[in-house]
């Protein structure tokens, strides 16, 4: 979606402000928001692309006014409510008011290290061959789906070069909507700065994005 | 600039909030905010393009969360500070503090009707012949100025057709940064919806914009 | 916001950048005098008078000025003709440009992020929210007011209004029909 | 926030002990010291460097780092002519196993909006300027590939131990918004 999250190339957000000796978390509630989000992935049954869509799928006015973990929390609440795991009145009351929905598994302390170590690899077996090879000129398609996509607006319509054939990976556009993993070949595509930003762009810069095959066409 | 004002094609803002029997103003202060801006405009301390630039330069999170006239008020404050009309102290105090510099030009009540009727035309004598004619295929240039522009992001890089030569008009990109009116030929350019939004989009949609000659190249 | 505006007003009055009576006059003008009734008269005349109609589409600014409307946000007016095969819609994606001279000040929704973001990409979806479903093959022309040109949509004249006076016709012309987010009222609606 | 945790705990969806462990892992255990060890080894061991640049995921897991948000890691080599910088314009993708959780600025709108269009301006915000003709490559983490920048080894560190070298490797130097410390910086601290 062309939402508040698609920030590449936007102006007006001001300078980057690195914080000296920044702590990992700025407040206790941030720790809890972080841990809850990770812990609910297992019983909740959603995937990372659904989580990302849940976070970005809100008014850009809200998205841009919220802090990072506020967005995480809002995304988590949306997912919990959508799936009927928690109801709005329960969040308001701060207590469970209805019978919990049965879930397959929950994350036990003993599983934490193992789960984190395993992560969520997205590479999949395939019997198809990649359409593009290293060095090919490709163009990012002009697509504007209202649902989750990982093709940022600022590269759409622009031509670049295949820099790396990564492998066959879960396709987020499909996975985010529950339409299955639909794995697709994934490439790193390199764009010249002036191709993206016009003749006034910095001639010494190049930008690479990782792009699935359905995002690309021959250029 | 690629700021929050450039909304064309963004997702996530939700349904149109249609208000039945909407009043012209929703609060007394809105009337004053409106009239103050009109009246101070006549004093010619800044031009309309500079005002628009100041308005869209607000951080996107602020821009998107202010009401319409709230945006005007905040921008007016910023312009008054930037152009030395008032000091921070004065704005905080809500009063002019000595010494009061009197303005040369104000609008009197008797002038209002005249101002409303005459407006402020933007057409200027042409410095040369128009480069394009009606029916020409043109492409909106891929430019990303950090300052004011009236070329929305969603048309950049896309090809359309000149449907009207409007005339020679003040160039906002220059006027907004007080670099003079620098008039250029202005065209209406029509784009096919699928050219803008991709193959799958509504084939019955055409979108027209006004584009100054420096925004365009032959396609 | 009320306090902030009052502060600005006091400062600008004290510095004599503005005349308090002019403020009242401005508010009065746009709250009471200039509004969509102006545009409705233009449209009604275009419906009733073929010569005026021709002139309106050739040179909107001059034709509209002949009725006494023009000036601020209306120095360069273009009239857009809706037909059975083409529907026009006006938006300003970058700010809130609007033909004040013929429609007055824009409603909130016109200035809102949902309208500004979606109209250029999904005009049919927007129209649906206004309760309008156009035939599938109608061409939709969206006009994004990126310069100082201001657009006035001339909706189609409803059937069953033959012989009506301009004044009576004007009563059928809604504000939204002149933005392209509505259609003109039907005579039977008017009768009610 | 507490309300939500209470609801989820009462419903039996989450185990509070698991929550504490998750926080502890990323607050105390996993952080940029991991990445620094990877970089230091690449500086001292040419064979390891080659393995890392060829296929970083197994090379990093040799040292014991792997897992969530680092399932597919690519190492990027800075050279005198080429500077790499990593961003995630769409969210906040970041190589957790080697760098821990990202700092606020990495997740902020200013960084995400400007890194891809004005990298030199962003670097200026971090107080450093690259030579005008250095090529800058920005890597926008749009998929599950996570990038780790291998900065250039500072001069005057010949014969240093891996451990000592690792202390020169800053978090920002592995994102591309900073350079490693110089030996002088360390000596100043030691003094």
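Chains as they are written, first to last, in this note's numbering: chain D, 1 to 219; chain P, 1 to 219; chain X, 1 to 192; chain E, 1 to 191.
Beta carbons: idealized from backbone N, C-alpha and C, even for Gly.
message: Looking at chain D, is there any beta carbon in it that lies within less than 8 Å of the beta carbon of residue 159/X?
response: If you number the third chain from 1, residue 159/X lands on position 159. Not one chain D Cβ lies under 8 Å of residue 159/X.
task: Report all residues from its chain with a CB closer than 7 Å to the CB of residue 72/X; omit the five preceding and five following residues, and keep chain order.
output: To locate residue 72/X, count along the third chain from 1; it is residue 72. Excluding sequence neighbours, residue 72/X sits near 100 and 101.
- prompt: Based on Cα-Cα distance, which residue from 59/X, 149/X, 150/X and 145/X lies nearest to residue 152/P?
  reply: What you label residue 152/P is simply residue 152 of the second chain in a count that begins at 1. Considering only alpha carbons, the answer is 145/X.
message: Given a cut-off of 8 Å on the beta-carbon distance, is the pair residue 9/P and residue 215/P in contact?
response: The count along the second chain starts at 1 and reaches residue 9/P at position 9. The count along the second chain starts at 1 and reaches residue 215/P at position 215. Taking 8 Å as the Cβ cut-off, residue 9/P and residue 215/P do not qualify as a contacting pair.
task: Go ahead and pull the three-state DSSP assignment for residue 215/P.
output: Here residue 215/P refers to the residue found at position 215 of the second chain. Residue 215/P: helix per DSSP, three-state reduction.
- prompt: Can you name, in chain order, every residue of its own chain whose Cβ lies under 8 Å from the Cβ of residue 185/E, other than the five neighbours on each side?
  reply: Locating residue 185/E in the fourth chain gives position 185, counting from the first residue. Excluding positions up to five away in sequence, the list reads 168.
Under 9 Å (Cβ pairs) to chain X, residues found in the segment 40-73 of chain D: 59, 60 and 61
query: Whole-angstrom Cβ separation of residue 76/X and residue 148/X, contact assumed at under 8 Å?
result: As a first step, residue 76/X is located in the third chain; it is residue number 76 there, counting from the start. As a first step, residue 148/X is located in the third chain; it is residue number 148 there, counting from the start. About 6 Å separates the two Cβ atoms, so the contact holds.
- prompt: Using 8 Å as the threshold, is the segment 145-165 of chain D in touch with the segment 29-46 of chain D, meaning 3 or more CB pairs across them?
  reply: no
message: If the cut-off is 8 Å on Cβ atoms, which residues from the segment 129-157 of chain X count as contacting chain P, listed in chain order?
response: 129, 130, 136, 137, 138, 139, 140, 141, 142, 143, 144, 145, 146, 147, 148 and 149
field: Within-8 Å CB hit, residue 92/E to chain P
entry: To locate residue 92/E, count along the fourth chain from 1; it is residue 92. Chain P contact via Cβ: absent.
message: My output table needs one value for residue 67/E: the three-state DSSP class, helix, strand or coil.
response: Indexing the fourth chain from 1 puts residue 67/E at position 67. Coil at residue 67/E, not helix or strand.
Euclidean distance between Cα positions of residue 194/X and residue 166/X: No answer is possible for residue 194/X: the residues shown for chain X start at 1 and end at 192.
query: How about residue 95/P: is its C-beta nearer than 8 Å to some C-beta of chain E?
result: Looking up residue 95/P in the second chain gives position 95. No, its Cβ sits nowhere closer than 8 Å to a Cβ of chain E.
- prompt: Do you know how far the Cα of residue 54/X is from the Cα of residue 83/X?
  reply: Translated into the one-based positions of the third chain, residue 83/X becomes position 83. Translated into the one-based positions of the third chain, residue 54/X becomes position 54. If you take the alpha carbons of residue 83/X and residue 54/X, they lie about 15 Å apart.
- prompt: What's the gap between the Cα of residue 139/D and the Cα of residue 176/E?
  reply: Indexing the first chain from 1 puts residue 139/D at position 139. Indexing the fourth chain from 1 puts residue 176/E at position 176. Distance between the alpha carbons of residue 139/D and residue 176/E is about 27 Å.
- prompt: Mind pulling the chain D residues with CB within less than 7 Å of residue 145/E?
  reply: Here residue 145/E is taken as the residue at index 145 of the fourth chain, counted from 1. Going along chain D in sequence order, the residues near residue 145/E (Cβ under 7 Å) are 166 and 210.
message: Is residue 144/D close to chain X? Criterion is C-beta to C-beta, closer than 8 Å.
response: Counting from one through the first chain, the residue named residue 144/D turns up at place 144. Yes, its Cβ sits closer than 8 Å to a Cβ of chain X.
- prompt: Grouping DSSP H, G and I as helix and E and B as strand, with all else coil, what is residue 1/X?
  reply: Position 1 of the third chain, counting from 1, holds the residue named residue 1/X. Of the three classes helix, strand and coil, the one that applies to residue 1/X here is coil, per DSSP.
Straight-line Cα distance separating residue 39/E from residue 63/P: For the purposes of this step, residue 63/P is identified with residue 63 of the second chain, where counting begins at 1. For the purposes of this step, residue 39/E is identified with residue 39 of the fourth chain, where counting begins at 1. Rounded to whole angstroms, residue 63/P to residue 39/E spans 43 Å at the Cα level.
- request: Taking residue 1/D as the query, report the chain P residues whose CB atoms sit under 8 Å from its CB, ordered along the chain.
  value: As a working mapping, residue 1/D is identified with position 1 in the first chain. Under the 8 Å cutoff, chain P gives 11 and 12.
field: Boundaries of the beta strand (DSSP E) in which residue 218/D is found, first to last residue
entry: Here residue 218/D corresponds to residue number 218 of the first chain, with the count starting at 1. Run containing residue 218/D: 216-218, per the beta strand (DSSP E) assignment.
- prompt: Looking at residue 142/D and residue 47/D, is the spacing between their C-beta atoms short of 8 Å?
  reply: Counting from 1 along the first chain, the entry for residue 47/D is found at position 47. Counting from 1 along the first chain, the entry for residue 142/D is found at position 142. No. Outside cutoff.
- request: Measure the CB-CB distance between residue 142/P and residue 198/D and report whether it falls below 8 Å.
  value: Position 142 of the second chain, counted from the start, is the residue given in the question as residue 142/P. Position 198 of the first chain, counted from the start, is the residue given in the question as residue 198/D. Going by C-beta atoms, residue 142/P is nearer than 8 Å to residue 198/D.
Rounded separation between residue 16/E and residue 9/E - CA only: Here residue 16/E is taken as the residue at index 16 of the fourth chain, counted from 1. Here residue 9/E is taken as the residue at index 9 of the fourth chain, counted from 1. Taking the straight line joining both Cα atoms gives about 7 Å.
message: Taking 8 Å as the threshold (C-beta atoms), are residue 162/P and residue 26/X in contact?
response: Your numbering for residue 26/X matches position 26 in the third chain. Your numbering for residue 162/P matches position 162 in the second chain. No, they are not a contact pair.
message: Please report the distance separating the alpha-carbon of residue 96/P from that of residue 18/X.
response: Indexing the second chain from 1 puts residue 96/P at position 96. Indexing the third chain from 1 puts residue 18/X at position 18. For residue 96/P and residue 18/X, the distance between alpha carbons rounds to 13 Å.
- request: Would you kindly report the start and end of the unbroken alpha helix (DSSP H) that includes residue 145/X?
  value: Mapped onto the third chain, residue 145/X falls at position 145. Note, residue 145/X: premise wrong, no alpha helix (DSSP H); not H, not E.
query: Looking at C-alpha atoms only, which residue of 35/E, 42/E and 66/E is the closest neighbour of residue 114/D?
result: Along the first chain, one-based indexing puts residue 114/D at 114. For residue 114/D, the nearest C-alpha among the options comes from 66/E.
query: Do you know how far the Cα of residue 22/P is from the Cα of residue 162/X?
result: Counting from one through the third chain, the residue named residue 162/X turns up at place 162. Counting from one through the second chain, the residue named residue 22/P turns up at place 22. Using only the alpha carbons, I get a separation of about 32 Å.
message: Just verifying my parser: in three-state terms, what is the DSSP assignment at residue 190/X?
response: Numbered from 1 along the third chain, position 190 holds the residue referred to as residue 190/X. Correct three-state label for residue 190/X: helix.
message: Suppose the cutoff is 7 Å on Cβ atoms and the five residues either side in sequence are ignored; what does the same chain contact list for residue 74/P look like?
response: Translated into positions along the second chain, residue 74/P becomes position 74. Same-chain partners within the cutoff: 58 and 66.
message: Between the alpha carbons of residue 272/D and residue 90/D, how many angstroms are there, rounded?
response: Lying outside 1 to 219, the shown extent of chain D, residue 272/D is not represented and no answer is given.
Same chain, Cβ closer than 7 Å to residue 96/E, five either side skipped, listed in chain order: As a first step, residue 96/E is located in the fourth chain; it is residue number 96 there, counting from the start. 30, 68, 69 and 70, listed in sequence order.
message: Using C-beta distances below 8 Å, list every residue in its chain close to residue 129/X, excluding the 5 sequence neighbours before and after it, in chain order.
response: Sequence index remark: in the third chain, residue 129/X carries index 129 (1-based). Cβ neighbours of residue 129/X beyond the five flanking positions: none.
field: Among 134/P, 11/P, 115/P and 192/P, the one whose alpha carbon lies nearest that of residue 186/P
entry: Looking up residue 186/P in the second chain gives position 186. Of the listed residues, the one whose Cα sits closest to residue 186/P is 134/P.
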